[in-house]
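Quick notes on the structure that follows.
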Amino acid sequence: MTTDDLVELFREHGTGAVSDALDLLGRNGGLSGLSRRSGTGTVVGPAYTLRFEPVAAGVPAPAGEFIDDVPPGAVVVIANGGRLYCTVWGDILSEVAIRTGVAGTVIDGCCRDVAETRAVGYSVWSRAGYMKSGKNRVRLAAVGQPVEMCGTVVEPGDLVCADDSGAVVVPAALASEVGTQVRRIVTIEAAIRADVAAGVPLRDSRRRHGYNLAPRDGVAVPVPSADRS
Amino acid sequence: MTTDDLVELFREHGTGAVSDALDLLGRNGGLSGLSRRSGTGTVVGPAYTLRFEPVAAGVPAPAGEFIDDVPPGAVVVIANGGRLYCTVWGDILSEVAIRTGVAGTVIDGCCRDVAETRAVGYSVWSRAGYMKSGKNRVRLAAVGQPVEMCGTVVEPGDLVCADDSGAVVVPAALASEVGTQVRRIVTIEAAIRADVAAGVPLRDSRRRHGYNLAPRDGVAVPVPSADRS
Amino acid sequence: MTTDDLVELFREHGTGAVSDALDLLGRNGGLSGLSRRSGTGTVVGPAYTLRFEPVAAGVPAPAGEFIDDVPPGAVVVIANGGRLYCTVWGDILSEVAIRTGVAGTVIDGCCRDVAETRAVGYSVWSRAGYMKSGKNRVRLAAVGQPVEMCGTVVEPGDLVCADDSGAVVVPAALASEVGTQVRRIVTIEAAIRADVAAGVPLRDSRRRHGYNLAPRDGVAVPVPSADRS
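Residue numbers (UniProt numbering), protein chains in the order written: chain A, 1 to 229; chain B, 1 to 229; chain C, 1 to 229.
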């Protein structure tokens with residue numbers, strides 16, 4: 001599958017199927033603690049990673065200049081260390097992003113201008129809404145580097161999939177394999193869905209389709225201990 | 001009042017009146033920390049209780065098989081210890097639940113497939129949305145037993161009432177008495193509402209209707225210390 | 001500018017511009033941790049401050065009697081110490097407030113009757129929704145006094161501005177100066193907005209309009225250390 005195929009596949013099936021596929025490969029990609037603030041539907045695209053860091057009080061730190069460099073279709077991933085005291089995204093960025101075809105923004109921190117961002121239909125996930133500018137509080141420290149987001153490392157070009165249940169990240173090197181698993185999962189789930197719509201008990205349908213079997217193809221049971229904190 | 005009458009009464013008046021009635025009896029039923037993720041209106045029904053527990057990493061733990069056994073009208077109550085790292089409810093469960101007339105689901109933990117669950121109009125309350133499956137992370141440990149939810153014990157058959165302000169639980173043995181108090185409370189509140197709509201100051205109306213008197217009928221002032229943590 | 005002019009100006013431009021203006025003056029007004037529960041648009045008005053305090057279990061503490069005294073246009077500011085175990089606002093208060101022209105309510109704590117409050121179109125911000133009454137749990141301890149809200153002190157008559165991104169407070173003595181800064185900020189932002197709508201890179205537009213210059217008029221870089229907790 002090409003990246004475009006994978007983007008389309010993940011967009012069609014959403015974070016649940018993508019996360020289950022990662023589980024089958026023993027990998028965790030969920031970004032815990034984020035909620036959708038604006039936009040609708042499922043957003044998928046390669047990560048354009050940014051990292052912000054705090055500055056000492058009184059030190060000038062301009063707003064980050066990055067939005068013009070984000071390619072169409074990308075998801076802006078902003079690692080702001082979970083900071084709740086200032087924001088790193090607002091309405092002008094949303095307006096530029098939607099004009100230039102950026103897919104969405106995922107923030108380990110806060111966004112502002114929530115109503116304006118909703119009005120233009122741009123999709124943002126964050127820990128909270130708040131209105132205090134990041135200007136002179138945090139500064140852009142890295143662009144296009146691996147970043148730590150909500151306990152998970154996101155590399156540039158990893159595929160981000162986000163919907164009303166949150167955001168999950170697929171390592172680029174695994175994306176094709178995840179795509180294969182997603183297809184298998186959604187085939188099983190479609191069969192189960194058809195069964196239950198026809199009145200078959202879910203328990204029977206799951207058994208019939210092997211939903212609860214141990215992972216196949218020699219893949220061990222996922223070991224997700226790292227994300228239980 | 002029959003259970004059906006109580007369900008109807010609580011559904012008409014919502015969590016506020018039910019909680020106030022519990023207060024008059026010196027009992028607390030609020031499930032703190034839960035927010036509505038999907039559905040509309042007030043949901044009321046007897047609790048169908050489930051408890052999940054974590055499994056050691058790498059231990060197979062299939063998805064819980066319970067939805068086929070939930071009777072129509074019940075509220076699924078899932079005690080998952082407030083865990084935020086995995087979910088115990090998703091879209092196929094929502095589809096089965098709405099097909100079989102289950103009233104709603106209340107989770108001390110997370111749910112996924114939030115958009116799909118909204119689309120079918122099924123009501124879920126939880127601590128957060130997230131997408132990682134509970135499969136191989138937690139397992140169904142008890143069905144139809146008393147469970148601890150958000151600091152409160154819920155017994156099978158207790159009446160759960162949930163709306164946009166959260167979820168509250170009425171012990172089955174108290175349900176009838178709570179119903180009597182709800183009727184008294186809503187009668188007073190309707191009178192106050194009519195007064196203020198006619199321009200009477202709320203202070204005067206409350207005094208006229210004894211809103212702020214100590215609880216009547218020999219019931220002492222509620223002692224809600226246990227739920228202040 | 002008169003207070004009415006300032007109210008209108010802040011309502012037009014929202015919490016982002018007001019917060020940026022406070023930043024230019026080295027003052028912080030954001031009320032961290034609050035989310036909108038009901039209502040739409042931007043709400044602005046002078047603070048009508050209330051403080052609640054807990055009572056010992058079993059001590060009678062009637063519901064607070066204050067709503068009749070709140071002047072039209074004011075924002076009710078309820079300092080309830082961030083308590084999540086009981087509420088201090090419900091539907092009858094919302095009905096009175098919208099009838100008498102109260103602008104909105106901001107609570108460092110919880111509100112209830114969220115659906116009913118939404119139905120009448122009244123605007124409330126809080127930490128969460130919950131249904132347990134504050135009656136006999138907390139009591140009204142002060143009216144019209146300076147109160148501590150979410151780590152910030154709010155004085156009676158301070159201008160509160162709240163929208164979908166949260167709530168920010170402008171000290172009355174600074175309101176006029178904040179108004180002047182808001183006008184300057186929105187003029188620059190309107191120019192930037194026009195540029196980016198015409199396809200100018202944001203980076204170039206920001207430079208052209210001096211967006212990222214250090215604050216002018218001899219005002220030092222904001223020192224927001226106090227609100228980083």
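Ideal Cβ placement from N, Cα and C applies to all residues, glycine included. Please read all numbers here as calculations on a predicted model, not as lab measurements.
Looking at the backbone, the Cα of leucine 34(A) and that of serine 35(C) are separated by about 15 Å. Interface annotation, valine 43(A): not in contact with chain B, CB-CB separation never under 8 Å. Assigned with DSSP and collapsed to three states, alanine 103(A) falls in coil, not helix or strand. Closest option to tyrosine 85(B), judged by alpha-carbon separation, among Ser94(B), Thr3(B) and Tyr130(B): Tyr130(B).
Shown here, phenylalanine 52(A) sits in a strand according to DSSP, grouped into three states.
For the region 137-170 of chain B, the continuous beta strand (DSSP E) assignments of 3+ residues that do not extend past its boundaries occur at 138-143, 147-149, 152-154, 159-163 and 166-170, in sequence order. Taking the C-beta atoms as reference points, leucine 31(A) is found no nearer than 8 Å to valine 178(A).
For alanine 175(C), the enclosing alpha helix (DSSP H) stretches over residues 175-197. When DSSP reads this structure, proline 46(B) sits in a beta bridge with Leu159(B).
Annotated as distal: valine 124(B) and glycine 29(B), with beta-carbon spacing of 8 Å or more. Taking each of Ser165(C), Asn80(C) and Thr105(C) in turn and checking the Cα distance to histidine 13(C), the smallest one comes out for Ser165(C). Here alanine 167(A) is near valine 106(A), since their CB atoms are less than 8 Å apart.
Rounded to whole angstroms, the separation of the alpha carbons of cysteine 110(B) and arginine 127(B) is 6 Å. In the three-state scheme derived from DSSP, where H, G and I count as helix and E and B as strand, serine 32(B) is classed as coil. For alanine 79(B), the enclosing beta strand (DSSP E) stretches over residues 75-79. Checking the DSSP bridge columns, you'll see serine 126(A) partnered with Ser35(A). Distance from the CA atom of glutamate 148(B) to the CA atom of valine 44(A), rounded to whole angstroms, is 38 Å. Note that the region 129-146 of chain C does not touch the region 18-25 of chain C; fewer than 3 beta-carbon pairs, one per stretch, sit closer than 8 Å. Taking a beta-carbon distance threshold of 8 Å, asparagine 136(A) counts as an interface residue toward chain C. Per DSSP, the unbroken alpha helix (DSSP H) holding glutamate 12(C) starts and ends at 3-24.
Neighbourhood of glycine 82(C) in chain B, by CB distance below 8 Å: empty, with the nearest CB roughly 13 Å away. Taking 8 Å as the CB threshold, proline 171(C) stays off the interface with chain B.
In this structure isoleucine 98(B) does not touch valine 88(B) by the C-beta definition: roughly 17 Å separates them, more than the 8 Å allowed.
In this chain, the alpha helix (DSSP H) harbouring glutamate 116(A) covers 114-119. Within the region 1-22 of chain A, contact with chain B at the beta-carbon level (separation under 8 Å) is assigned to Gly14, Thr15, Gly16, Val18, Ser19 and Asp20. Listed in chain order, the non-local C-beta contacts of glycine 90(B) below 6 Å within the same chain comprise Arg112 and Asp113, local neighbours out to five positions each way being set aside. Within its own chain, the residues whose Cβ lies closer than 7 Å to the Cβ of alanine 191(C), once the five positions on either side in sequence are excluded, are His209, listed in chain order. The closest CA to that of valine 186(C), considering only Ala119(C), Asp4(C) and Leu9(C), is found on Leu9(C). Taking the CA atoms as reference points, glycine 157(B) sits about 43 Å from glycine 151(C). A distance below 8 Å separates the beta carbons of glycine 73(C) and alanine 103(C).
In this chain, the alpha helix (DSSP H) harbouring histidine 209(A) covers 202-209.
Counting other Cβ atoms within 10 Å of its Cβ, glutamine 145(C) stays below 16 and is therefore classed as exposed. By the neighbour-count criterion, in which a residue is buried when 16 or more other Cβ atoms sit within 10 angstroms of its Cβ, alanine 162(B) is buried. DSSP lists no bridge partner for serine 94(C). Residue contact check for glycine 166(A) against chain B: a CB pair falls below 8 Å.
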